[in-house]
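In the numbering used here, the protein residues as written are 100 to 411.
Cβ atoms here follow ideal geometry from the backbone N, Cα and C, with glycine treated the same way.
Working notes, beginning with the structure itself.
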(Lines of atoms letter the chains of each structure in order from A and count residues from 1; the text may use other names and numbers.)
(Lines give C-alpha, C1' and ligand atoms only; values in the text may rest on other atoms or scores of the structure.)
Protein backbone atom coordinates (compact mmCIF):
# COMPACT_ATOMS: atom_id res chain seq x y z
CA UNK A 1 0.00 0.00 0.00
CA UNK A 2 1.37 3.48 -0.85
CA UNK A 3 2.15 5.93 1.96
CA UNK A 4 -0.38 8.71 2.56
CA UNK A 5 0.61 12.35 3.00
CA UNK A 6 -1.10 15.42 4.41
CA UNK A 7 -0.62 17.49 1.29
CA UNK A 8 -3.78 18.21 -0.72
CA UNK A 9 -6.01 18.01 2.37
CA UNK A 10 -9.15 20.16 2.36
CA UNK A 11 -12.71 20.27 3.67
CA UNK A 12 -16.07 20.57 1.89
CA UNK A 13 -19.17 21.97 3.60
CA UNK A 14 -22.94 21.94 3.28
CA UNK A 15 -25.69 23.25 5.59
CA UNK A 16 -28.11 20.53 6.73
CA UNK A 17 -31.87 21.10 6.57
CA UNK A 18 -32.34 18.57 9.38
CA UNK A 19 -29.75 17.71 12.00
CA UNK A 20 -27.83 14.56 11.17
CA UNK A 21 -29.17 14.13 7.62
CA UNK A 22 -26.12 14.58 5.33
CA UNK A 23 -26.32 16.89 2.33
CA UNK A 24 -24.12 17.84 -0.62
CA UNK A 25 -21.00 19.81 0.27
CA UNK A 26 -20.42 22.43 -2.44
CA UNK A 27 -18.22 24.86 -0.47
CA UNK A 28 -14.53 23.91 -0.42
CA UNK A 29 -11.98 25.36 2.02
CA UNK A 30 -8.23 25.03 2.29
CA UNK A 31 -6.94 23.90 5.69
CA UNK A 32 -3.85 24.36 7.84
CA UNK A 33 -4.84 21.33 9.89
CA UNK A 34 -7.85 19.12 10.56
CA UNK A 35 -8.28 16.60 13.39
CA UNK A 36 -11.84 15.42 12.70
CA UNK A 37 -12.17 11.81 13.86
CA UNK A 38 -14.77 9.16 14.62
CA UNK A 39 -13.99 7.00 17.65
CA UNK A 40 -15.79 4.28 19.57
CA UNK A 41 -15.45 4.31 23.35
CA UNK A 42 -14.97 0.84 24.72
CA UNK A 43 -15.36 0.09 28.43
CA UNK A 44 -14.48 -2.89 30.57
CA UNK A 45 -17.51 -4.61 32.07
CA UNK A 46 -17.50 -4.13 35.84
CA UNK A 47 -18.94 -7.42 37.12
CA UNK A 48 -16.72 -9.33 39.52
CA UNK A 49 -15.84 -12.20 37.17
CA UNK A 50 -12.23 -12.22 35.98
CA UNK A 51 -9.60 -14.47 34.48
CA UNK A 52 -7.50 -16.79 36.56
CA UNK A 53 -4.74 -14.16 36.56
CA UNK A 54 -7.23 -11.38 37.49
CA UNK A 55 -7.61 -9.72 34.04
CA UNK A 56 -10.82 -8.45 32.44
CA UNK A 57 -12.83 -10.99 30.46
CA UNK A 58 -15.18 -8.68 28.50
CA UNK A 59 -15.84 -5.15 27.24
CA UNK A 60 -18.84 -3.21 25.89
CA UNK A 61 -19.32 -0.29 23.52
CA UNK A 62 -19.76 3.09 25.15
CA UNK A 63 -20.57 6.26 23.24
CA UNK A 64 -19.40 6.88 19.69
CA UNK A 65 -17.65 10.25 19.73
CA UNK A 66 -17.12 12.20 16.50
CA UNK A 67 -15.75 15.64 15.80
CA UNK A 68 -12.53 17.57 16.25
CA UNK A 69 -10.89 20.80 15.18
CA UNK A 70 -10.40 22.57 11.86
CA UNK A 71 -7.96 25.43 11.24
CA UNK A 72 -8.31 27.29 7.95
CA UNK A 73 -6.98 30.46 6.30
CA UNK A 74 -9.19 33.50 6.80
CA UNK A 75 -10.58 34.63 3.44
CA UNK A 76 -12.89 37.46 2.46
CA UNK A 77 -15.19 35.07 0.59
CA UNK A 78 -16.01 31.41 1.15
CA UNK A 79 -15.96 31.13 4.94
CA UNK A 80 -19.50 32.41 5.56
CA UNK A 81 -21.07 28.97 6.04
CA UNK A 82 -18.85 28.43 9.08
CA UNK A 83 -19.63 31.91 10.43
CA UNK A 84 -23.34 31.15 10.11
CA UNK A 85 -22.88 27.80 11.88
CA UNK A 86 -20.94 29.48 14.70
CA UNK A 87 -23.24 32.47 15.28
CA UNK A 88 -26.56 31.14 14.02
CA UNK A 89 -27.84 33.32 11.19
CA UNK A 90 -26.85 35.39 8.17
CA UNK A 91 -28.39 38.05 5.95
CA UNK A 92 -27.18 39.64 2.72
CA UNK A 93 -27.86 42.96 1.03
CA UNK A 94 -26.55 44.64 -2.10
CA UNK A 95 -24.19 47.54 -1.42
CA UNK A 96 -23.54 49.05 -4.83
CA UNK A 97 -21.36 46.70 -6.87
CA UNK A 98 -20.68 44.48 -3.84
CA UNK A 99 -22.71 42.72 -1.15
CA UNK A 100 -22.79 43.13 2.62
CA UNK A 101 -23.19 39.89 4.59
CA UNK A 102 -24.15 40.19 8.24
CA UNK A 103 -23.75 37.27 10.66
CA UNK A 104 -25.70 37.60 13.90
CA UNK A 105 -26.12 35.43 16.96
CA UNK A 106 -29.24 33.38 17.63
CA UNK A 107 -29.76 30.38 19.93
CA UNK A 108 -30.93 27.99 17.18
CA UNK A 109 -27.59 26.96 15.69
CA UNK A 110 -27.54 25.14 12.31
CA UNK A 111 -25.68 21.91 11.62
CA UNK A 112 -23.32 21.08 8.76
CA UNK A 113 -22.19 18.11 6.74
CA UNK A 114 -18.39 18.21 6.46
CA UNK A 115 -16.40 16.11 4.02
CA UNK A 116 -12.76 15.80 5.02
CA UNK A 117 -10.24 14.94 2.33
CA UNK A 118 -7.44 13.32 4.33
CA UNK A 119 -4.46 14.54 2.31
CA UNK A 120 -3.49 12.10 -0.44
CA UNK A 121 -5.53 9.29 1.15
CA UNK A 122 -9.19 8.61 1.81
CA UNK A 123 -12.11 10.95 2.55
CA UNK A 124 -14.53 10.94 5.46
CA UNK A 125 -18.05 12.41 5.61
CA UNK A 126 -19.15 13.82 8.98
CA UNK A 127 -22.81 14.59 9.62
CA UNK A 128 -24.58 16.57 12.32
CA UNK A 129 -21.60 18.91 12.72
CA UNK A 130 -22.07 21.90 15.03
CA UNK A 131 -19.55 24.60 15.94
CA UNK A 132 -18.71 24.42 19.62
CA UNK A 133 -16.05 27.15 19.61
CA UNK A 134 -14.66 29.57 17.03
CA UNK A 135 -11.40 31.49 17.14
CA UNK A 136 -10.11 34.13 14.71
CA UNK A 137 -6.55 35.33 15.19
CA UNK A 138 -3.85 37.39 13.53
CA UNK A 139 -0.44 38.68 14.55
CA UNK A 140 1.95 41.21 13.03
CA UNK A 141 3.74 39.60 10.09
CA UNK A 142 1.31 36.70 9.78
CA UNK A 143 -1.74 35.27 8.08
CA UNK A 144 -5.15 35.60 9.70
CA UNK A 145 -6.46 32.19 10.78
CA UNK A 146 -9.83 30.80 11.82
CA UNK A 147 -10.24 27.71 14.01
CA UNK A 148 -13.44 25.78 14.69
CA UNK A 149 -14.03 23.06 17.26
CA UNK A 150 -16.70 20.71 15.91
CA UNK A 151 -19.10 18.34 17.66
CA UNK A 152 -20.42 15.80 15.15
CA UNK A 153 -23.10 13.12 15.37
CA UNK A 154 -21.17 10.46 13.42
CA UNK A 155 -19.24 9.82 10.20
CA UNK A 156 -19.62 7.43 7.30
CA UNK A 157 -16.99 4.79 6.62
CA UNK A 158 -13.85 6.20 5.06
CA UNK A 159 -14.12 6.24 1.28
CA UNK A 160 -12.20 7.08 -1.86
CA UNK A 161 -10.64 10.49 -2.35
CA UNK A 162 -13.03 13.33 -3.20
CA UNK A 163 -11.03 14.51 -6.17
CA UNK A 164 -9.56 17.86 -7.14
CA UNK A 165 -11.42 20.71 -5.39
CA UNK A 166 -12.61 24.00 -6.81
CA UNK A 167 -11.86 26.65 -4.22
CA UNK A 168 -13.47 30.07 -4.14
CA UNK A 169 -11.62 33.11 -5.46
CA UNK A 170 -11.88 35.16 -2.27
CA UNK A 171 -8.53 36.73 -1.33
CA UNK A 172 -6.80 35.72 1.88
CA UNK A 173 -6.72 38.02 4.93
CA UNK A 174 -3.23 39.20 5.97
CA UNK A 175 -1.86 41.19 8.90
CA UNK A 176 -1.12 44.39 6.99
CA UNK A 177 -4.79 44.76 6.03
CA UNK A 178 -5.91 45.32 9.62
CA UNK A 179 -7.03 48.62 11.03
CA UNK A 180 -6.61 49.75 14.59
CA UNK A 181 -8.82 48.54 17.43
CA UNK A 182 -11.40 51.07 18.57
CA UNK A 183 -12.73 51.20 22.14
CA UNK A 184 -14.37 53.98 24.15
CA UNK A 185 -13.83 56.61 21.40
CA UNK A 186 -10.08 55.87 21.18
CA UNK A 187 -8.03 53.78 18.74
CA UNK A 188 -5.10 51.46 19.44
CA UNK A 189 -2.45 49.80 17.29
CA UNK A 190 -2.38 46.02 17.81
CA UNK A 191 0.52 43.58 17.72
CA UNK A 192 -1.85 40.62 17.79
CA UNK A 193 -5.52 39.84 18.32
CA UNK A 194 -7.70 36.81 18.92
CA UNK A 195 -11.48 36.62 18.91
CA UNK A 196 -12.93 33.65 20.80
CA UNK A 197 -16.59 32.54 20.70
CA UNK A 198 -17.64 29.72 23.03
CA UNK A 199 -21.12 28.39 22.26
CA UNK A 200 -21.13 26.13 25.34
CA UNK A 201 -22.47 23.19 23.34
CA UNK A 202 -22.95 19.88 25.14
CA UNK A 203 -23.49 16.41 23.69
CA UNK A 204 -26.93 14.94 24.44
CA UNK A 205 -26.97 11.16 24.95
CA UNK A 206 -30.01 8.96 25.60
CA UNK A 207 -30.68 5.30 26.14
CA UNK A 208 -31.10 3.51 22.83
CA UNK A 209 -28.22 5.03 20.86
CA UNK A 210 -24.44 5.33 20.99
CA UNK A 211 -24.68 8.64 19.07
CA UNK A 212 -25.32 12.09 20.46
CA UNK A 213 -28.63 13.76 19.69
CA UNK A 214 -28.45 17.38 18.55
CA UNK A 215 -26.03 19.19 20.90
CA UNK A 216 -27.57 21.94 23.01
CA UNK A 217 -26.34 25.18 24.58
CA UNK A 218 -25.67 24.21 28.20
CA UNK A 219 -24.45 27.51 29.69
CA UNK A 220 -24.17 31.22 28.93
CA UNK A 221 -22.37 31.73 25.60
CA UNK A 222 -19.24 33.86 25.81
CA UNK A 223 -17.35 36.01 23.34
CA UNK A 224 -14.05 37.76 24.02
CA UNK A 225 -11.40 39.60 22.07
CA UNK A 226 -7.85 39.60 23.42
CA UNK A 227 -5.37 42.08 21.96
CA UNK A 228 -1.69 42.79 22.66
CA UNK A 229 -0.58 46.39 22.19
CA UNK A 230 2.36 48.61 23.14
CA UNK A 231 1.82 50.59 26.34
CA UNK A 232 1.35 54.24 25.42
CA UNK A 233 -1.10 55.47 28.04
CA UNK A 234 -3.22 54.31 30.97
CA UNK A 235 -6.62 54.63 29.31
CA UNK A 236 -7.33 50.89 29.08
CA UNK A 237 -5.96 50.33 32.59
CA UNK A 238 -8.33 52.99 33.91
CA UNK A 239 -11.23 51.52 31.91
CA UNK A 240 -10.57 48.12 33.49
CA UNK A 241 -10.59 49.64 36.99
CA UNK A 242 -13.74 51.70 36.43
CA UNK A 243 -15.71 49.01 34.55
CA UNK A 244 -16.15 51.02 31.35
CA UNK A 245 -18.60 49.53 28.86
CA UNK A 246 -18.04 50.27 25.17
CA UNK A 247 -18.09 48.60 21.76
CA UNK A 248 -14.90 47.06 20.35
CA UNK A 249 -14.39 47.09 16.58
CA UNK A 250 -11.66 45.63 14.34
CA UNK A 251 -11.65 45.75 10.53
CA UNK A 252 -9.55 44.14 7.80
CA UNK A 253 -9.74 45.66 4.30
CA UNK A 254 -8.41 44.64 0.88
CA UNK A 255 -9.81 46.76 -1.95
CA UNK A 256 -13.59 46.36 -1.87
CA UNK A 257 -13.32 43.34 0.43
CA UNK A 258 -14.00 44.07 4.10
CA UNK A 259 -14.05 41.86 7.20
CA UNK A 260 -15.42 43.53 10.33
CA UNK A 261 -15.74 42.28 13.92
CA UNK A 262 -17.99 44.14 16.36
CA UNK A 263 -18.26 43.23 20.03
CA UNK A 264 -20.88 45.23 21.89
CA UNK A 265 -20.92 46.66 25.40
CA UNK A 266 -17.48 45.27 26.18
CA UNK A 267 -15.95 45.38 29.63
CA UNK A 268 -12.29 44.63 30.23
CA UNK A 269 -12.04 41.41 32.22
CA UNK A 270 -8.25 41.00 32.08
CA UNK A 271 -5.44 43.56 31.84
CA UNK A 272 -1.69 42.89 32.09
CA UNK A 273 1.25 45.26 31.44
CA UNK A 274 4.15 43.79 33.43
CA UNK A 275 7.53 45.54 33.30
CA UNK A 276 10.11 42.79 32.74
CA UNK A 277 12.80 44.12 30.38
CA UNK A 278 14.67 47.23 29.24
CA UNK A 279 12.55 47.32 26.07
CA UNK A 280 9.08 48.49 25.26
CA UNK A 281 6.25 47.53 27.61
CA UNK A 282 3.35 45.58 26.15
CA UNK A 283 -0.18 45.37 27.46
CA UNK A 284 -2.52 42.46 26.87
CA UNK A 285 -6.21 43.23 27.24
CA UNK A 286 -9.27 40.97 27.13
CA UNK A 287 -12.60 42.55 26.16
CA UNK A 288 -15.76 40.66 27.15
CA UNK A 289 -18.82 41.19 24.93
CA UNK A 290 -22.22 41.71 26.57
CA UNK A 291 -25.62 41.63 24.88
CA UNK A 292 -27.98 44.60 25.16
CA UNK A 293 -31.73 44.90 25.04
CA UNK A 294 -31.91 44.83 21.24
CA UNK A 295 -28.49 43.65 20.03
CA UNK A 296 -26.47 40.53 20.80
CA UNK A 297 -22.86 40.63 21.99
CA UNK A 298 -21.24 39.87 18.62
CA UNK A 299 -21.76 40.73 14.99
CA UNK A 300 -19.55 39.88 12.02
CA UNK A 301 -19.86 41.68 8.68
CA UNK A 302 -18.19 40.70 5.42
CA UNK A 303 -18.27 42.69 2.20
CA UNK A 304 -17.39 40.91 -1.05
CA UNK A 305 -18.63 40.42 -4.62
CA UNK A 306 -20.73 37.30 -3.84
CA UNK A 307 -24.52 37.59 -3.56
CA UNK A 308 -24.62 34.62 -1.16
CA UNK A 309 -23.47 34.81 2.47
CA UNK A 310 -22.62 31.10 2.59
CA UNK A 311 -21.15 30.05 -0.76
CA UNK A 312 -17.71 30.30 -2.33
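What three-state label does DSSP hand residue i in the structure shown?
i           : result
residue 341 : helix
residue 109 : strand
residue 103 : coil
residue 306 : coil
residue 274 : helix
residue 336 : helix
residue 180 : helix
residue 186 : helix
residue 329 : strand
residue 265 : coil
residue 124 : coil
residue 260 : coil
residue 252 : coil
residue 213 : strand
residue 280 : strand
residue 207 : coil
residue 395 : coil
What do you get for residue i, buried or exposed, if any count of 16 or more other CB atoms within 10 angstroms of its CB means buried?
i           : result
residue 181 : buried
residue 214 : buried
residue 124 : buried
residue 229 : buried
residue 339 : buried
residue 155 : exposed
residue 145 : exposed
Considering Cα atoms alone, identify which of the options is closest to residue i.
i           : options            : result
residue 128 : 248, 134, 267, 152 : 267
residue 327 : 273, 384, 104, 222 : 384
residue 336 : 366, 361, 317, 321 : 366
residue 397 : 275, 306, 241, 320 : 320
residue 351 : 314, 400, 316, 150 : 400
residue 235 : 322, 205, 229, 204 : 322
residue 210 : 283, 361, 225, 197 : 225
residue 185 : 201, 339, 193, 325 : 201
residue 160 : 311, 140, 303, 107 : 140
residue 298 : 137, 193, 208, 144 : 208
residue 102 : 192, 219, 153      : 219
residue 374 : 147, 286, 330, 247 : 330
residue 171 : 346, 100, 109      : 109
residue 344 : 277, 248, 149, 391 : 391
residue 143 : 311, 404, 157      : 157
residue 206 : 146, 317, 378      : 317
Taking the straight line between their C-alpha atoms, what separation do you get for residue i and residue j?
i           : j           : result
residue 264 : residue 217 : 13 Å
residue 134 : residue 341 : 42 Å
residue 293 : residue 221 : 33 Å
residue 314 : residue 227 : 9 Å
residue 256 : residue 119 : 15 Å
residue 195 : residue 376 : 51 Å
residue 244 : residue 393 : 30 Å
residue 355 : residue 402 : 7 Å
residue 269 : residue 407 : 13 Å
residue 251 : residue 175 : 26 Å
residue 239 : residue 284 : 24 Å
residue 204 : residue 254 : 27 Å
residue 370 : residue 387 : 12 Å
residue 117 : residue 188 : 16 Å
residue 261 : residue 231 : 26 Å
residue 276 : residue 353 : 6 Å
residue 198 : residue 358 : 12 Å
residue 100 : residue 137 : 23 Å
Using DSSP's beta-bridge definition, name the partner residues of residue i.
i           : result
residue 132 : 170
residue 364 : Answer is none; residue 364 lacks a bridge partner.
residue 380 : According to DSSP, residue 380 bridges with nothing at all.
residue 244 : 172, 236
residue 291 : 238, 327
residue 359 : 350, 400
residue 299 : Bridge partners of residue 299: none, in fact.
residue 200 : 191, 401
residue 316 : 300
Report yes if the C-beta of residue i is less than 8 Å from at least one heavy atom of the ligand NAD; otherwise report no.
i           : result
residue 322 : With respect to the ligand NAD, the structure shown offers nothing to examine, as it has no ligands at all.
Of all the CB atoms in chain D, is at least one closer than 9 Å to the CB of residue i?
i           : result
residue 224 : This model lacks chain D altogether, as it is built from one protein chain only.
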